[in-house]
Amino acid sequence: MQEALPQILVVDDDVKVLSGFQTLLGKKYHIRTERTAAGALAWLKLNPMAAVVVSCFNIPDMPGGALLRAVQEAAPNAARILLSDAHSSDEIMKALSAANVYLHLRKPVAVEEAEMALRSAVAYHRRIVKERNLLEKTLAGSVKLMIEMLSLFHADAFRKTSVLRTQALKVARAMDMKKTWELEMAVMLSPLGEALLPREILARYRSAKTLTDPQRELLARAPEQSRDLLKNIPQLDKVADVLYYSGRGYDGSGFPADGPVGADIPLNSRILKILIDLWYASPDTGVDLAAFEALNINRRQYDPALLTLVRECLLEDAEARDRERIVACHIRALHSGDVLVDDILTEGSHELVLSRGHQLTLTTIKRLAQFDRISGLRQPIRVRRREEIPAERVTIPA
1 MQEALPQILV VDDDVKVLSG FQTLLGKKYH IRTERTAAGA LAWLKLNPMA AVVVSCFNIP
61 DMPGGALLRA VQEAAPNAAR ILLSDAHSSD EIMKALSAAN VYLHLRKPVA VEEAEMALRS
121 AVAYHRRIVK ERNLLEKTLA GSVKLMIEML SLFHADAFRK TSVLRTQALK VARAMDMKKT
181 WELEMAVMLS PLGEALLPRE ILARYRSAKT LTDPQRELLA RAPEQSRDLL KNIPQLDKVA
241 DVLYYSGRGY DGSGFPADGP VGADIPLNSR ILKILIDLWY ASPDTGVDLA AFEALNINRR
301 QYDPALLTLV RECLLEDAEA RDRERIVACH IRALHSGDVL VDDILTEGSH ELVLSRGHQL
361 TLTTIKRLAQ FDRISGLRQP IRVRRREEIP AERVTIPA
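So for the sequence shown, UniProt numbering puts the first residue at 1; every next one is plus one.
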């Protein structure tokens, strides 16, 4: 399969410059040309994985290097090249520094110089993407391990992460979201602030008992605790912001009181708020129509278009559950891919070990078997199972 040509965005109000790049380099690269900053940013919103952005210093609707600074936000992995002609060196140097520009070319640009610059910039982009992917995979693995460890000690707080992650990815696919890493990390880390709260407050909240004003304040500020723990960790600063605003209502209600409103709230925060509230409104069997009707009571707190999309996505899952059968079995008979219908509790003290909605893996089943030998688990365990999918089995030693 032939590799796709790297995407290059060239922004200049000079038609000759645009046609020159297109004519001379169009066979080696996928060249996109725009004459305005607004057009360039609109295209980048749909193509955030562009390899290189080449911009003239003097774009009429966005002066100086402001466009490349905006590009840094819209397409952070794109190598940025600045074109200039007779402007003062001081202005150029400020633009180069402010936008973290990779290369600076002066007009007129020779074909050989442009070709060499693009080749170097594409290589730089690929290196950045490779390093970022490696870092994200390493960080994701570390976060997953941390969550698994924390869930052993704070099972109640982390019981919803498996279900929410599956739901979040389904919603992201429906939205054609290009990058889901931040959303996944936010879902996995969402119970962090809750896990730090006194158990008494959590117990009263989950049993729908009345909370005092100080207790309600502590509960509302749980996202702030999550943010404070994560904001200084490289690559998790944006995830920290997602968590911080996950309690903020679309109508301006909720925490923080002085936070953004409506579409100004980060998209991932809006998704997370809906999914978390939906979790608490749903029965043990999973999301159903009644859960969405419960959210509809406070519908102003949710992005209306997003709530409709989530409803369409997750009610499909409810229909799919109707085609599955419920199986009650002991740990030795569990399959990878089974989904827990009930919480798994210890035999004696009835402490939560693994929550309903969790999709089992081979590793999880082995861990449950070890836990059963040490502490004893309540069995049989009810799971949802699709018979048409060949089940991966795990052998548990006697």
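Here a beta-carbon is modelled for each residue, glycine too, at the ideal position from N, C-alpha and C.
*What residue from Arg311, Tyr102 and Ile274 has the CA that sits closest to Leu183's CA?*
Closest option to Leu183, Cα to Cα, is Ile274.
*Straight-line CA distance for Pro266 to Pro76?*
Per the coordinates, the alpha-carbon of Pro266 lies some 17 angstroms from the alpha-carbon of Pro76.
*Under 8 angstroms between the Cβ atoms of Leu25 and Ala123?*
Between Leu25 and Ala123, the CB-CB gap reaches or exceeds 8 angstroms.
*Looking at C-beta atoms only, is the number of pairs between the stretch 125-137 and the stretch 14-22 that lie closer than 8 angstroms three or more?*
When C-beta atoms of the stretch 125-137 are compared with those of the stretch 14-22, fewer than three pairs fall below 8 angstroms, so the two segments do not count as touching.
*Measure the Cβ-Cβ separation of Phe258 and Arg300 and say whether it is below 8 angstroms.*
Note that residue 258 is Asp in the sequence shown here, rather than Phe. No, Cβ-Cβ distance for Asp258 and Arg300 is not below 8 angstroms.
*If you run the structure through DSSP and keep just helix, strand and coil, what is Ala328?*
In the structure shown, Ala328 sits in a strand (DSSP, three-state: E or B).
*So, are the CB atoms of Ile326 and Ala369 less than 8 angstroms apart?*
The Cβ-Cβ distance between Ile326 and Ala369 does not fall below 8 angstroms.
*Inter-residue Cα distance where the pair is Asp343 and Leu352*: Rounded to whole angstroms, Asp343 to Leu352 spans 7 angstroms at the Cα level.
*Taking C-alpha atoms, which residue in Glu293, Ile8 and Met49 lies nearest to Tyr29?*
If we check each option's Cα against that of Tyr29, Ile8 comes out closest.
*Is the stretch 187-198 in contact with the stretch 286-300, if contact means three or more CB pairs nearer than 8 angstroms?*
As far as the Cβ criterion goes, the stretch 187-198 does not touch the stretch 286-300, which means the pair count is below three.
*In terms of residue numbering, what span does the alpha helix (DSSP H) encompassing Gln370 cover?*
DSSP places Gln370 in the uninterrupted alpha helix (DSSP H) bounded by Leu362 to Ile374.
*asked:* Buried or exposed, going by whether 16 or more other CB atoms sit within 10 Å of the CB of Thr308?
replied: Residue burial is scored here from C-beta neighbours: Thr308 has fewer than 16 other C-beta atoms within 10 angstroms and is therefore classed as exposed.
*Identify every run of the alpha helix (DSSP H) within the UniProt domain "Response regulatory" (7-122), keeping only runs that are complete inside it and at least 4 residues long; order them along the chain.*
Qualifying alpha helix (DSSP H) stretches, in chain order: 15-25, 37-46, 66-74 and 89-98.
*asked:* Less than 8 angstroms between the beta carbons of Ser246 and Ser282, yes or no?
replied: Note that the C-beta distance between Ser246 and Ser282 is not below 8 angstroms.
_With 16 other Cβ atoms within 10 Å as the buried cut-off, status of Val10_ = By the neighbour-count rule (16 or more Cβ atoms within 10 Å), Val10 is buried.
*asked:* Tell me the DSSP secondary structure of Val261 in three-state form.
replied: Reduced to three states, the DSSP call for Val261 is coil.
*Skipping 5 residues on each side, what residues in its chain have a beta carbon closer than 8 angstroms to that of Ala382?*
Note on residue identity: the sequence assigns Arg, not Ala, to residue 382. Contacts found: Ile326, Val327, Ala328, Leu340, Val341 and Asp342.
*Run the CB neighbour count on Leu230, radius 10 Å, all protein chains shown included, and call it buried at 16 or more, exposed below.*
The residue in question, Leu230, is buried, as its Cβ has 16 or more Cβ neighbours within 10 Å.
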